[in-house]
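Numbering (my numbering), first residue to last: -3 to 233. Ideal Cβ positions, reconstructed from N, Cα and C, are used throughout, including at glycine. None of the values given here were measured: they were computed from a predicted structure.
In structure tokens, the structure reads:
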């Protein structure tokens, strides 16, 4: 397969670069130990993540005005705590728990692979996470982004074409010189529709063992890699 001629790689982050499920569950478990709360913290993480698309859909539809992801995450957290009957958290504890999304741990290959890619390409986020969230996560996890792009910059949540196109425009690059990297095929297909190149990096453990999505790659993707180190090798970095 020929190496796509691109100048920048932009990345989905939740699930593709970082292991949100384990990280959020661990944060909940630590808080639960402190507060004496017994819960299935993996199920808690799944339930909270399950609020992600419904709240973004309210923004996409106009039911909510533009609202950054930190605020949508807090709305979802409040619903999940109510659903699970967890009532003993203080407001400060809820604020800190909501920032668990700023403290997500990377997959083991993410940082070494990104550093290799950074030596050859511009690297940026293309995430629905807001700028503060992405910046704090990068500091926490050691992610070497050159820039933070995505939903808050475009004021549009993926898969809105505006999200991808605004990123390319701000990099002063035509879409075909930008490659979208993601573990989620619908994200890649949306980016592809507006001209970006695509790289599929499956993360079979994103939702835990036994909950892997269909990992058969769409044949239209430009690159399919096992992880970020493999992606760097394939891209000549």
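Thinking residue 9 and residue 123 are a contact (beta carbons under 8 Å), I'd like their distance in whole angstroms, please. 4 Å
Taking the Cβ atom as the reference point for each residue, do residue 142 and residue 150 lie within a distance shorter than 9 Å? no
Distance between residue 206 and residue 195 (C-alpha atoms, nearest Å): 24 Å
What do you reckon, are the CB atoms on residue 85 and residue 227 nearer than 9 Å? no
For residue 95 and residue 236, the rounded distance between their alpha carbons: Coverage of the chain is limited to positions -3 through 233, which leaves residue 236 absent and any answer about it impossible.
Just to check my reading of the structure: residue 104 and residue 13 have Cβ atoms closer than 8 Å, yes? What is that Cβ distance to the nearest angstrom? No, residue 104 and residue 13 are not in contact; Cβ-Cβ is about 12 Å, not under 8 Å.
Can residue 146 and residue 133 be called in contact, C-beta distance under 9 Å? no
Bridge partners of residue 20, per DSSP? In the DSSP output, where bridge partners are listed per residue, residue 20 has none listed.
Less than 8 Å between the CB of residue 65 and some heavy atom of the ligand FMN, yes or no? By its list of ligands, the structure shown contains no ligand whatsoever, and the ligand FMN lies outside what it can speak to.
Pick out the complete beta strand (DSSP E) segments inside the segment 33 to 102, 3 residues or longer, and give them in chain order. none
Three-state secondary structure (DSSP) at residue 194? strand
Given that a residue counts as buried once 16 or more other Cβ atoms are within 10 Å of its Cβ, and exposed if not, what is residue 115? exposed
Sub-9 Å separation of residue 191 and residue 7 beta-carbons: no
Please identify the residue among 128, 58 and 158 whose C-alpha is closest to the C-alpha of residue 189. 158
Quick check: what's the CA-CA separation for residue 215 versus residue 35? 41 Å
Which whole runs of the beta strand (DSSP E) in the segment 103 to 191 are 3 residues long or more, in chain order? 118 to 123, 143 to 146 and 174 to 178
Could you tell me which residues DSSP pairs with residue 4 in its beta bridges? 118 and 174
Length of the line joining the Cα atoms of residue 217 and residue 200: 18 Å
Can you tell me whether residue 13 is helix, strand or coil according to DSSP? coil
Using DSSP bridges, identify the partner residues of residue 219. 195
Straight-line CA distance for residue 168 to residue 5? 13 Å
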